[in-house]
Amino acid sequence: MKKIVVYSSLTGNTRKVGEAIAEEIGCKAVNFEDECVNDLSEFDFVAVGFYVDKGGPDAHFKRYMKEKIKNKNVGLFITLGAEPESEHGTKMLEVGREILEQNGNKILREFICQGAIDPKLIEQMREMAAKAGDKALHPITPEREARWAAAASHPDASDIANAKTAFRGI
9 MKKIVVYSSL TGNTRKVGEA IAEEIGCKAV NFEDECVNDL SEFDFVAVGF
59 YVDKGGPDAH FKRYMKEKIK NKNVGLFITL GAEPESEHGT KMLEVGREIL
109 EQNGNKILRE FICQGAIDPK LIEQMREMAA KAGDKALHPI TPEREARWAA
159 AASHPDASDI ANAKTAFRGI
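The numbering used here puts the first residue of the sequence shown at 9, with every later residue one more than the last.
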């Protein structure tokens with residue numbers, strides 16, 4: 009079975025997880041912008057990974073998924089700033105599944121873990137909250153700050169080990 013890992017990564021979190029999965033299943037991990045993954049016809053299994061951006065994969069990767077990944081056996085892996093077991097984490101897996109299944113793909117494996125949030129995004133959120141004051145949609149609370157701090161340490165060694173385990177046997 010010919011395999012490949014294709015990912016989109018902003019801060020390096022998803023790349024790190026993708027490389028670990030590739031090591032586990034014996035293939036290479038490639039950023040989706042690399043020309044070598046424009047045609048996936050030779051691959052029997054594609055592990056597909058993205059970071060969460062505004063409620064799903066970033067727009068460019070979402071388009072790539074819809075246009076390039078069709079009728080394959082796939083694995084889905086995701087990194088996000090929120091807790092993976094949260095309602096948001098569950099919803100992001102559903103979004104990823106829906107995109108892949110619409111193209112006739114069969115999902116064989118899944119993995120989700122927390123990842124560090126882009127510091128530029130955190131700064132933007134702080135600025136928006138400061139401008140909105142009491143009317144801020146996402147106020148900067150001690151709980152939010154604690155979540156950001158916790159996310160900064162991920163993906164950690166345990167996340168990497170769990171990602172490898174999730175894809176073992178492919």
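Idealized CB from N, CA, C, for every residue including glycine.
Item	Value
Unbroken beta strand (DSSP E) run spanning residue 118, endpoints	114-122
Opposing strand residues paired with residue 83 [DSSP bridges]	55 and 117
Residue environment, residue 42, which counts as buried when at least 16 other CB atoms sit within 10 Å	exposed
Residues that residue 11 bridges to, as DSSP identifies them	53
Beta-ladder partner(s) of residue 103, from DSSP	None, per the DSSP bridge assignment.
Cβ-Cβ separation, residue 175 to residue 119 (assumed contact under 8 angstroms), whole Å	7 angstroms
Rounded Cβ spacing between residue 77 and residue 54 (contact assumed at less than 8 angstroms)	6 angstroms
Residue 87 classed as buried or exposed, judged by whether at least 16 other C-beta atoms fall within 10 angstroms	buried
Minimum C-alpha distance to residue 51 - residue among 82, 70 and 64	82
Top-ranked residue by Cα proximity to residue 132, from 123, 142, 146 and 39	146
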